[in-house]
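Which chain is which? The protein sequence lines are A and B, in order.
Note that numbering that gives the first Met the number 0 gives residue 204 to position 205 of the first sequence, counting from 1, and the numbers run on in steps of one.
Note that numbering that gives the first Met the number 0 gives residue 158 to position 159 of the second sequence, counting from 1, and the numbers run on in steps of one.
Even for Gly, the Cβ is constructed at its ideal location relative to N, Cα and C.
The model shown is predicted, which means the values in this text are computed figures rather than measured ones.
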Amino acid sequence: MIAAFKVEHATRSSRIGMAAFASALVLLAAAPAWGGRDDLRLLAEMYAYVALASLWNLLAGYAGLVSIGQQAYVGLGGYVLFASTILAGLHPLLAVPIAGAVAAIVALPVAALMFRLRGHYFAIGTWVVAEVFRLSASQISALGGGSGISLPASIVTAMAPSRQLREFLIYWVALVLMVAVLAAIVLLLRSRYGLALTAIRDNELAARSNGVDVTRTKLVVYILTALGTAMIGALIFLQKLRISPDTAFSVNDWTAFVIFITVIGGIGRVEGPIIGTIVFFLLRQTLADLGSLYLLMLGAVAIAVMLMAPKGIWGLIADRFGWQLLPLERRLRFAADARTT
Amino acid sequence: MEWVNIVIQGVLIGGLYAMFAAGLALIFGVMRLVNIAHGDLIVLAAYIALMTTDTLGINPLLAILIVAPVMAAIGYCLQRALLNRTLGEDLLPPLLVTFGLSVIIQNALLELFTADSRRLNAGAIEVASFPLAPGVWIGLLPLLQFVVAVAVIAALQLLFYRTAFGRAFRATSDDQSVAQLMGLDNRHIFALAMALSLAVIAVAGVFIAVRTNFDPAIGPARLIFGFEAVIIGGLGSMWGTLAGGIILGVSQAIGAQINPGWQLLAGHLAFLLILALRPEGLFPKVRG
């Protein structure tokens, strides 16, 4: 007697949310038609942060792997881009997926070592790994050593003949990457792994006792996150056209901001990083003149949010109104005839 | 003889790393908190020492007598006002709050003191040295800081295992609720542990500020040294942190001798090697 039922993910709010996302996507894809050069740069930067924060959120918010060393993979991606274009002569856009593949391969032994560290110590361990990557990068003289290197003009022009086309191209790649990262996360969370991850997020011990292979699930998430983070890293430095160990492996730019965005937006929810990025850039556009005071305030806001509203802005809204912008819930819907049996 | 000198230098600087590590291990042992802002607090101690020497005109080593109590007071207040509220089953709040704290301290120091490199001047003792054997010289200052480090760690060990104070720390560490039933105030005990931790790193912070330049951004590197020494030595053992600090210091000294760019890298690699071969550290006490 097997009950006829199906799992539904969508709710009314998620249908509205998806419609909003779809129309926003059309609007954003057409940005080269309505936006200026500065708008495109700003938007592309926002896409990179949405993607980085979403990946960190998957890692820390769902899998409980609080890393403060994700700059390792941003920098690795950037350096793979520069190495494969300058040293191996590959097309820059081809180098982006290669950066992801290299990072996934590198992440395996790194995870094997780091997973030996429990909880808090894992966090600092990942930072050591990022430092090792930074120091190693500054030893590679073919890529400019400690002072860094610029992408040669010939490689830049090979991407697209005019500067405007190049900017459009990078913009669209950034948009595609962000959408791909978000889509991959949503699909992952709707899969078996997603159920396991949500269980781990809510209670690791309970998940383990219900047969979830916690270590394996965490490993998969760690490697996927490294892959995505490195692709975003490659794109970021394709836009910057210059790389150095200190910018590539910057803990402030690629981890502190990302953590603040996720915490303020709402950790452990897919919508959080999107909301967080919008808030972060609004603050930055208005307060960036304050320099280090701005960072100081950001740190204070993140602490206040963590203590007073640990689920972030989106957590407050979602709990209050029961909304979800993405179809992630699981609801059992029984077929009418199955109910009676 | 050159290598003997290098190893001795490494051992002596290892004493400093051991003090960073002891501060970290102390609060982890008592309340299972890893303080990401640990390194920035070490740098904060150096700046407080700088202000003290500038205003009072005293030797920085004497200034420790002022800096350590000030840091202890900061630690007590920090724990009572902020960090106690983050403790619990969830790992995330303490990590993120201390990470935020780290960013706040760094940028506050940057606002107050600019990004310029600073250094404390301890006078003639900085260059004084004496021969240990033909060709082997020992600097008085490195020797002094190593002796102080050993003394601090011995004192912590005694405090932990020979005093009522230490018994309270250990009881809280073993079982918080039972400790509370026995009349201990956990919030007060945790705040005392943090005060002690910051007093220890204040001593280390002043010594390292005499030896090397510091600026507001250098904190994370200090945190990482302390952390590596803890893991190399093994969790939960005070003397283990000394061994960990020495191994880290010697690895860095040897790395620097081979190639100046490899100083830090060699320390990190030693850490990763230990993690790969003996993940519980060399002298573990906490098992399971």
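Limits of the alpha helix (DSSP H) - the one that residue i falls within
i	result
B:G225	G218 to G232
A:M45	R36 to W55
B:A265	Q262 to L276
A:P96	P91 to M113
A:S135	G118 to A136
B:I245	M237 to I257
B:I41	H37 to L55
B:N4	E1 to M30
B:Q179	Q175 to L180
A:Y78	Q70 to F81
A:I169	R162 to R189
A:L58	Careful: A:L58 lies outside any alpha helix (DSSP H) and carries neither H nor E.
B:A71	P59 to A80
A:W33	A30 to W33
Own chain, CB closer than 7 Å to residue i, minus 5 neighbours either side, in chain order
i	result
A:A103	I222, A225 and L226
A:Y78	A136, L142, I242 and A247
A:A94	V79, L80, S83, T84 and A233
B:R277	none
Cβ neighbours of residue i in the same chain (closer than 6 Å, five flanking residues each side left out)
i	result
B:L140	I124 and E125
A:R338	Note on A:R338: pLDDT 48, under 50, position unreliable in the model; the coordinate value appears next. Closer than 6 Å at Cβ, skipping near neighbours: no residue.
B:G287	Unreliable placement is indicated for B:G287, whose pLDDT of 35 sits below 50; the coordinate value is still reported in the next sentence. Cβ within range, chain order: n/a, list empty.
A:K5	R332
A:F259	L297 and A301
B:I159	The amino acid at residue 159 of chain B is misidentified as Ile; the sequence shows Phe. Taken in chain order, the residues that qualify are G165.
B:V3	V135
Cβ separation of residue i and residue j, assumed to be a contact under 8 Å, to the nearest whole Å
i	j	result
A:G271	A:N56	6 Å
B:A190	B:A178	Not a contact, Cβ separation roughly 14 Å.
B:V33	B:I47	So it is not a contact: roughly 23 Å between Cβ atoms.
B:I137	B:I7	6 Å
B:M70	B:A201	4 Å
B:G233	B:G280	3 Å
A:L315	B:N106	Rounded, the Cβ-Cβ distance is 27 Å, inconsistent with contact.
A:M45	A:T285	Actually they do not touch by this definition, with Cβ atoms about 15 Å apart.
A:L58	A:L188	Their Cβ separation, rounded to whole angstroms, is 13 Å, which puts A:L58 and A:L188 out of contact at 8 Å.
Beta-carbon gap between residue i and residue j smaller than 8 Å
i	j	result
A:Y170	A:L42	yes
A:Q323	A:G124	no
B:L119	B:T52	yes
A:A229	A:G76	yes
A:Y61	A:G311	no
B:L23	B:F270	no
B:A150	B:D214	no
B:V42	B:G218	yes
B:A192	B:I73	no
B:A36	B:L100	yes
B:A17	B:I152	yes
B:G9	B:V249	yes
A:Q138	B:G260	yes
A:G63	A:E203	yes
A:A71	A:A129	yes
B:R288	B:F19	Here chain B covers residues 0 to 287 and nothing more, so residue 288 of chain B does not appear.
A:A179	A:H90	no
A:V278	A:G264	yes
Sequence-distant residues of its chain with Cβ nearer than 8 Å to residue i (five each side left out)
i	result
B:L274	I230
B:Q156	M237 and W238
B:M181	A170
A:F132	A71, G74, L75 and F248
In DSSP terms, what residue i is bridged to
i	result
A:I242	A:I148
B:P130	B:W136
A:L331	A:V6
B:R117	B:F213
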